[in-house]
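**Q** First, the structure itself, so that you have it in front of you.
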Amino acid sequence: MLHALAKHAGWSLALACKGDLHIDDHHTAEDCCIALGYAFATALGSASGLARFGSAYAPLDEALSRAVVDLSNRPFSVIELGLKREKIGDLSCEMIPHCLQSFAQSARVTLHVDCLRGENDHHRAESAFKALAVAIRQATTRIPGKEGEVPSTKGTLSV
10 MLHALAKHAG WSLALACKGD LHIDDHHTAE DCCIALGYAF ATALGSASGL
60 ARFGSAYAPL DEALSRAVVD LSNRPFSVIE LGLKREKIGD LSCEMIPHCL
110 QSFAQSARVT LHVDCLRGEN DHHRAESAFK ALAVAIRQAT TRIPGKEGEV
160 PSTKGTLSV
């Protein structure tokens, strides 16, 4: 899922993690997404000159997901994927929304991701990550002529 996120967001991603999988997948998956969010925020730096908002739909076979992103510096997330299986591969399905929430918190973005339809949980999850990737790519697009301009009516997106 993180590979799909990186690929469709246009990122180069190398992630190595040594976790406590002998207990369960919770902290390992969560910590990877916290680190990814922090790396995103650090790499992004100032939102000056960026679109700030992004939204996208992404299908995967019968599944369709929508993601909306605001580079607001106000961490918040609503994730509704409707996953029913216990696991996808070795990852607990309950961790997928939690990982997206952890990313939003550490990246300091507002994030809404919904899977609108689909029967296969793998398809539902992957379409959600792809929709998020495209929305992030859109939000981080530089707007010609807006260089140095903060995309906020308040003139700041700082903490």
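Residue numbering for the sequence shown follows my numbering, beginning at 10 and increasing consecutively.
Heads up, the beta-carbon is just placed ideally off N, CA and C, and yes, glycines get one too.
Could you round the C-beta distance between L141 and A56 to whole angstroms and report it? I think they count as a contact, below 8 Å.
**A** In the sequence shown, counting from the first residue as 1, residue 141 sits at position 132. In the sequence shown, counting from the first residue as 1, residue 56 sits at position 47. Actually they do not touch by this definition, with Cβ atoms about 18 Å apart.
**Q** Where does H132 land, buried or exposed, given buried means 16+ other C-beta within 10 angstroms?
**A** Within the sequence shown, the letter at position 123 stands for residue 132. By the 10 Å Cβ count, H132 comes out buried.
**Q** Specify the secondary structure class of A76 as computed by DSSP and reduced to three states.
**A** Within the sequence shown, the letter at position 67 stands for residue 76. Here A76 sits in strand by DSSP.
**Q** Where DSSP assigns a beta bridge to E95, which residues make up the other side?
**A** Locating residue 95 in the sequence shown gives position 86, counting from the first residue. Paired residues: none, contrary to the question.
**Q** Just to confirm my understanding: we take C102, look at its own chain, exclude 5 residues before and 5 after, and list those with CB closer than 7 Å. What are they?
**A** Counting from one through the sequence shown, the residue named residue 102 turns up at place 93. Cβ within range, chain order: L92, R94, E95, K96, D130.
**Q** Looking only at its chain, what residues have a beta carbon closer than 8 Å to the beta carbon of L109, apart from the 5 residues adjacent to it on each side?
**A** As a working mapping, residue 109 is identified with position 100 in the sequence shown. So the qualifying residues of the chain are C42, S86, I88, L120, V122, A137, L141.
**Q** Alpha helix (DSSP H) containing D123: first to last residue?
**A** Walking along the sequence shown from the start, residue 123 turns up at place 114. Looking at the DSSP string, D123 is not in any alpha helix (DSSP H); the run it does join, the beta strand (DSSP E), is 119–126.
**Q** Please classify D79: is it buried, with 16 or more other beta-carbons within 10 angstroms of its beta-carbon, or exposed?
**A** Within the sequence shown, the letter at position 70 stands for residue 79. When all chains shown are included, D79 counts as buried.
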